[in-house]
Each structure stands twice: as structure tokens, then as C-alpha cells.
Amino acid sequence: MGRGLFYGTGLASGILILSTGLLTFYDVLMRYVLNSPSLWAGDVSKFLVIYAAYLGSAYTMREGKHVKLEFFTNWLSKYRTPSLILQSVSDLMVLALWGLAVYSTGKEAVNAYRLSEVVQSYVRFPLVIPLLGIIGGGVLLFFYLLGEIARRTVRLFEKTDGD
Amino acid sequence: MNETLLLFALFLVLALLGVPVAFALSLAGSIGICALLGFGKLVATLPYIFYGSLNSFTLIAIPLYVLMGNIIIRGKLSEEMYAVFNGLFGHLPGGLAIITCLFCGVFAAISGSSVATAATVGMLVLPEMIRLGYERKFVYGLIAGSGTLGILIPPSLNFLLYGALTEVSVGKLFIAGIIPGIVLCSMFLAYGLIFSFAKKYRFGGEQIGWKDKLVLLKRSFWSFFVIPLIFIGIYKGIFTPTEAAGMGVVYALFVCLIKKTLPLSEFSRAILDSLKTSCMILMIVVGAAIFGYIVTVLQFPQQIVKLIVEHNVTQFQFLLYTFLLILFLGCFVECVTIMVLLTPILYPIILNLRIDPIWFGVFLTVNMELALITPPVGLNLFVIQSISPESKLEDIYRGIWPFILIMIGFLAILYFYPEMATYLPAKMKGG
Numbered sequence: 001m002g003r004g005l006f007y008g009t010g011l012a013s014g015i016l017i018l019s020t021g022l023l024t025f026y027d028v029l030m031r032y033v034l035n036s037p038s039l040w041a042g043d044v045s046k047f048l049v050i051y052a053a054y055l056g057s058a059y060t061m062r063e064g065k066h067v068k069l070e071f072f073t074n075w076l077s078k079y080r081t082p083s084l085i086l087q088s089v090s091d092l093m094v095l096a097l098w099g100l101a102v103y104s105t106g107k108e109a110v111n112a113y114r115l116s117e118v119v120q121s122y123v124r125f126p127l128v129i130p131l132l133g134i135i136g137g138g139v140l141l142f143f144y145l146l147g148e149i150a151r152r153t154v155r156l157f158e159k160t161d162g163d
Numbered sequence: 001m002n003e004t005l006l007l008f009a010l011f012l013v014l015a016l017l018g019v020p021v022a023f024a025l026s027l028a029g030s031i032g033i034c035a036l037l038g039f040g041k042l043v044a045t046l047p048y049i050f051y052g053s054l055n056s057f058t059l060i061a062i063p064l065y066v067l068m069g070n071i072i073i074r075g076k077l078s079e080e081m082y083a084v085f086n087g088l089f090g091h092l093p094g095g096l097a098i099i100t101c102l103f104c105g106v107f108a109a110i111s112g113s114s115v116a117t118a119a120t121v122g123m124l125v126l127p128e129m130i131r132l133g134y135e136r137k138f139v140y141g142l143i144a145g146s147g148t149l150g151i152l153i154p155p156s157l158n159f160l161l162y163g164a165l166t167e168v169s170v171g172k173l174f175i176a177g178i179i180p181g182i183v184l185c186s187m188f189l190a191y192g193l194i195f196s197f198a199k200k201y202r203f204g205g206e207q208i209g210w211k212d213k214l215v216l217l218k219r220s221f222w223s224f225f226v227i228p229l230i231f232i233g234i235y236k237g238i239f240t241p242t243e244a245a246g247m248g249v250v251y252a253l254f255v256c257l258i259k260k261t262l263p264l265s266e267f268s269r270a271i272l273d274s275l276k277t278s279c280m281i282l283m284i285v286v287g288a289a290i291f292g293y294i295v296t297v298l299q300f301p302q303q304i305v306k307l308i309v310e311h312n313v314t315q316f317q318f319l320l321y322t323f324l325l326i327l328f329l330g331c332f333v334e335c336v337t338i339m340v341l342l343t344p345i346l347y348p349i350i351l352n353l354r355i356d357p358i359w360f361g362v363f364l365t366v367n368m369e370l371a372l373i374t375p376p377v378g379l380n381l382f383v384i385q386s387i388s389p390e391s392k393l394e395d396i397y398r399g400i401w402p403f404i405l406i407m408i409g410f411l412a413i414l415y416f417y418p419e420m421a422t423y424l425p426a427k428m429k430g431g
């Protein structure tokens, strides 16, 4: 189920990028062909990219596509237990970061909603819209990392032929 | 100054421990904010950095150019383009070396990414070159080196990042990259030809008649048209670079639909590949923004500027130090990270030293190209290894040296003839 969830959000985030392309095309078309530029397309495009970047981050992490410096971890991979512990510690630190990100952005989103804060642009969209994308992406990353740490902890206590 | 250096060290330690670079930057920055400004400030600041760092119309272009490149690859338009080069030059002595350089130059103009350029061109030419007996280390070096043209010839993701970080016109940066891109491509081409003749690679593929060549050109005309669509649109001030990216996506999709070369399965792969690359870059931008926030609070760039003024550092000395610093960092850190980390620090300095920001964008990008092929962690070197699993890293390292030297020579030319990068932007409309 977890795999399907991350693949699904990955694909949905990719479709958001495609939608950004279509929206940009529509904006150019409206301006040059119909001489009627849209005031909202630029802001909506930015929101779409923010949603795509954060919601797609867990899928990108699962696919191992976030850039890493691997010379030390590659060397350590010869030793199963230290390698698993280091990976879990590394994930734990990222988990703490995203836990904090979800908490702080959630708090800000509640404030923005209560105070009806808006983004600074032509069309005054509620600020809570982009913040929800960050929270959604953060929650997905948080649960993905939690799952990874749990999986590694189980592996750590499994007996292997080498042990 | 000491606090900033400690933060850089913390980032490096986290990255070495296996934390993805984007999150290592975020973590080091967050720890810095928490330690120096307090936890309350961190909680209040983080949401605005998470939102503000990606709330940029310029940055929208990054996922769009990546998507356009992936549609062109998955929709097999790149193979059509390759067939044209093969038909025109494949029969000449050293023909595959010519094709590799020229195709890298053209593919760079549609992908914006060096990794995508090296991977796509490599997959098409590498097996054929090995089959025809070209020396392996030469082939690896040629593809990895020529692949770096992807971030110099516009649309370049590096120029987009530089523009987004400094607010220099991305349109002008794109246009500034054209002449240097062509010159560097020609230098690679000249080396490829000289090497081919020296090694007596006089074999070539089957020569085809002019009629067949015309058929190939006609068939691929609409695939190639995406390049003038973007360049002329930006140069004439019709589109902004972001709009040109949106037009490119729709155009590439339209051509694939007409040619029926993009089945749904490949389309979804193009979308997912684009997402992964875009997320990787955008998360580094977010991480660098968090890190940059605390570096700015600590007034690190101002301290460097002060040091430079106190020591009467000249333009040449500063550029030499920058070159050496990037060459060193390029041995360990990936080039997007170097770009987003260094640009906010270097930009105030170049303004202080009265260096043209557009010229510096090109200079910085050529330096990044070097970082992409500098052993041991140049990203393009690993691309070669991934598309040719039987390749040995030592062979790749040996093959890349001539291209590193060519690029260093090119940087010298760029220094002595800055008009190479500044002439076209001065002539363009809008920006």
C-alpha cells in the first residue's frame, strides 16, 4: 500500500508539472492571440510547482534520486550493522527536520487561515494554499522515513548467514 | 566568520554521513538558526523559507525544461535528430566523434541538463563507437566532456538557478551562453577530429545519397524546430524563458502526438523522470535558502567583500580563486549544490569588483561544467559508468583529462575575450 501511495503521489506531482506547462502555454496564448493576459496563471503556476516539489519529494527519496555524497557510505556498506545504523541515524535527522517543518508550517497555516492572510500578488490568493502543499509533502516524507527506519531496525535484529 | 565556517563543516559532515545534500543543507541551516537566533525564530522562519524559496516565476522554468527534454527523449525525437547527424557525418573519418560533439551541442539546446545530454547521446553513440574500434578512454572522455555543453548552451538549468538567485535576466543569460557554447563545442570537435586522425580512425559508416539526406532532414524538421522556437522567442523578447519552457513542453508533446511516438507508458515515465530531477534540484534550492538565511544573518558575504577590499584583490585574482575553489569543490560536491551555495556569496563580491554579472554567470557555468567532469565525483563520469557497465572508472578518469584541459583553456579565452558572452545580450530585445 505504501509503495502505491508514494507512486501515486509521485505521478500526481508529475502531472502538476505538466499542468504548469499547459497553464504557461495558455497564458502566452491568451496574451498574444486573444490580447487578454490572465492575472492568475502566474500565481497558480507557482503553487503547482510548490505542490509538485514537496508532494513529490517522498517519491524522489524512495527512488534514491536526491543527490548524496556516497564515498563514505559506500565504503561503510561492507559492514552491515554500522551501515544500517548510520542510514537510520541519517534518516532520523531528516525525519526530525520534516517533523519540525510540518509543525512550524502547520502552525503558520492555522495563523494564516485565522487572520485571512493572502499571498502578495495581483490575485490575493489565501496564503494557506501553498502552505498546505508543504505540509502534505512533509507528512509524506515523515511517514516514508518512519517506515524506512522501522524496516532497517527490523533488519538490524534479523540474523544473517554472516552473523 | 568562524560560525559560518562551522556551519559549512556541519553541512559537509551531515552530507558525508549519507544525509541527502538538500536535507543536509536544511539541517545545517536550521541548526545554525536555532543555535544563534533561538528555536522560536526557527519555527517562525522555516515556513516562509519553505514557501518563499520556491515562490519564483523563474524557477518554474526548471521543471518545464526538464519535462520538455524528457518528452523529447521518451518520444524518440532525439533518435530522429541523431539519425540526421549520422546520415550527414557518419561516413566521414572520425565521423562518430563529429556526431557526438555536434549532437551533444544540439541536444544541450533542448535538454538544459548535462546529465541528460551525456546519458542520451552516450546511449546512442557509445556502443557504436566501441564496436568500430575507437579507443575506450577517448570515447568515455568525449561523451562525458561534450555532455557538459548541456549546462552552457541554453536553455540551461544552471543559468536559471543563477538568474533566480541573483535576479540577473535569465533571457540575457541564455543568449549569453550561445557563442561560448558554440566555441567550446568547436574546441571539443577539433580535439575529437585531431585524435581520430592521429589514431587513424579512418573508418566510417555507409554513405547515403543527398536524396536520402533530404528525406532525413524533412522527417526531423519539426523535431529540430523546438530549438529556434525557444531561442528566437527569447531573443526577440516574445517569451520570457519560463514561457518559452511552457511553449517547448506543449510543442514537444504536440509533435510526439502527431508522430505517434509517445505511448502512454513512455509518457508517464517522462513525467516521473521529470519529477525526480525537478524535486532533486528544487529541494537543493530550498536547503540552500535555509542555509543562506543564516549565512546572510552572519553577514558572511559582507565579511568576504571587506576582506577583498582590505587586501586589494584584483578581478583576475578573484576569478582565479573562484576557479580553484570550484575545481576543488567539484571533486566532492555536485554542481547544483555548488551553484546555489556559492552564488549568493560571490554575487556581492563581483558587483564590488565591477565584474559583469552576465559574463560571470557564463564563467561560473563553465566552472560548473568542469566540476561535472572532475574526478573522483564528477556526475557525468558516473553517467558514463551507468550507461556502459563494463567501463572502468580508471579509463573514464584517463579519458577525461584532455577535456578538462580544453575547458581550462576555454576559460582563459573567455577571460581575454569577454565579448564572447556579452555581445549578444547587449543586442537583444527585452530580457
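Protein sequences appear in the order of chains A and B.
Read left to right, the first sequence gives residues 1 to 163 (our numbering).
Read left to right, the second sequence gives residues 1 to 431 (our numbering).
Every residue gets a Cβ at the ideal spot worked out from N, C-alpha and C, and that includes glycine.
Computed from a predicted structure; not experimentally measured.
Q.
For a cutoff of 8 Å on Cβ pairs, would you count B:VAL170 as touching chain A?
A. no
Exercise. Per DSSP, which residues does A:VAL118 bridge with? Please list them.
Key: A:PRO126
- Query: Comparing alpha-carbon positions, which option in A:LEU69, A:LEU156 and A:LEU5 lies nearest A:THR81?
  - Reply: A:LEU156
### Task
Please name the residue, chosen from B:LEU193, B:TRP210, B:ILE258 and B:LEU152, that lies closest to B:GLU223 on a Cα-to-Cα basis.
The sequence as given places Ser at residue 223 of chain B; Glu does not occur at that position. Looking at the Cα atoms, B:ILE258 is the closest of the given residues.
**OP:** Specify the secondary structure class of B:TYR417 as computed by DSSP and reduced to three states.
**Re:** coil
Anticipated Cβ contact below 8 Å, A:LEU97 with B:LEU282, distance rounded: Actually they do not touch by this definition, with Cβ atoms about 16 Å apart.
Considering only C-alpha positions, which residue in the set B:PRO376, B:CYS335 and B:GLY246 is nearest to B:LEU67? B:GLY246
| message | Only counting the same chain, and skipping five residues up and downstream in sequence, which positions put a Cβ closer than 6 Å to that of A:ALA12? | response | none
Is there a Cβ from chain A that is less than 8 Å from the Cβ of B:MET436? Past the boundaries of the shown model lies residue 436 of chain B; chain B is included only from 1 to 431, so the question cannot be answered.
**Beta-carbon proximity check, B:ILE60 vs A:SER45, cutoff 8 Å** = yes
Q | Minimum C-alpha distance to A:THR9 - residue among A:GLY147, A:TYR59 and A:PRO37 | A | A:TYR59
Legend entry - Contact check, A:ILE50 vs A:GLY138, beta carbons under 8 Å: no
Residue-chain proximity (B:SER223, chain A), Cβ-Cβ < 8 Å
no
Within the 8 Å Cβ cut-off, does A:THR20 reach chain B?
-> yes
Subject >> Minimum length 4: unbroken alpha helix (DSSP H) runs contained in the stretch 201-270 of chain B >> reply: 210-224, 226-235 and 241-259
**OP:** Give the single residue among A:LEU146, A:GLU148, A:PHE72 and A:ILE135 whose Cα lies nearest to the Cα of A:LEU55.
**Re:** A:ILE135
ask   = Distance, Cα to Cα, A:ASP163 vs B:ALA35?
value = Bear in mind that a pLDDT of 45 at A:ASP163, under 50, signals an unreliable position, so the number given afterwards is only what the model happens to contain. Looking at the two C-alpha atoms, the distance is approximately 42 Å.
For B:LEU216, which residues in the same chain have their Cβ closer than 7 Å to its Cβ, ignoring the five residues on either side in sequence? ALA83, VAL84 and GLY87
Check your understanding: Any C-beta of chain B sitting closer than 8 Å to the C-beta of A:ASP163?
Key -> The predicted model places A:ASP163 with a pLDDT of 45, which falls under 50 and marks its position as unreliable; any figure quoted below should be read in that light. Judged by the 8 Å Cβ criterion, A:ASP163 is not in contact with chain B.
- For the putative contact between B:LEU12 and B:ALA288, defined by C-beta atoms under 8 Å, what is the C-beta separation to the nearest angstrom? No, B:LEU12 and B:ALA288 are not in contact; Cβ-Cβ is about 14 Å, not under 8 Å.
Which residue from B:TYR48, B:GLY133 and B:ASN55 puts its Cα closest to that of A:LYS107? B:TYR48
- Return the first residue and the last residue of the alpha helix (DSSP H) that A:ILE15 is part of. 2-32
- [ ] Assign B:ASN70 to one of two classes, buried (16 or more other C-beta atoms within 10 Å of its C-beta) or exposed (fewer than that).
- [x] buried
Can you give the beta carbon distance from B:SER146 to B:THR100, rounded, assuming they're within the 8 Å contact cut? 6 Å
* Have a look at B:TYR140 and B:PRO389 and give me their C-alpha separation to the nearest angstrom. => 12 Å
query: How should A:GLY14 be labelled, buried or exposed, when 16 other C-beta atoms within 10 angstroms of its C-beta is the threshold for buried?
result: buried
Practice prompt. Keeping to the same chain, check which residues put their C-beta closer than 8 Å to that of B:VAL249; ignore five residues upstream and five downstream.
Written response: LEU64, LEU67, MET68 and ILE71
- Query: At a Cβ threshold of 8 Å, is A:ILE15 touching chain B?
  - Reply: yes
- So, does the CB of B:TYR51 fall closer than 8 Å to a CB anywhere in chain A? yes
Query - B:ILE227 to B:THR58 span [Cα, whole Å] - result: 20 Å
- prompt: DSSP on B:GLU79, reduced to helix/strand/coil?
  reply: helix
**Item:** Helix, strand or coil at A:SER88 [DSSP, three-state]
**Value:** helix
Margin query: With a threshold of 8 Å between beta carbons, is A:ALA101 in contact with chain B?
Written below: yes
Check: In terms of residues, what are the limits of the alpha helix (DSSP H) holding B:ILE110?
Finding: 95-111
Checklist entry - Cβ of B:ALA9 less than 8 Å from any chain A Cβ? => result no
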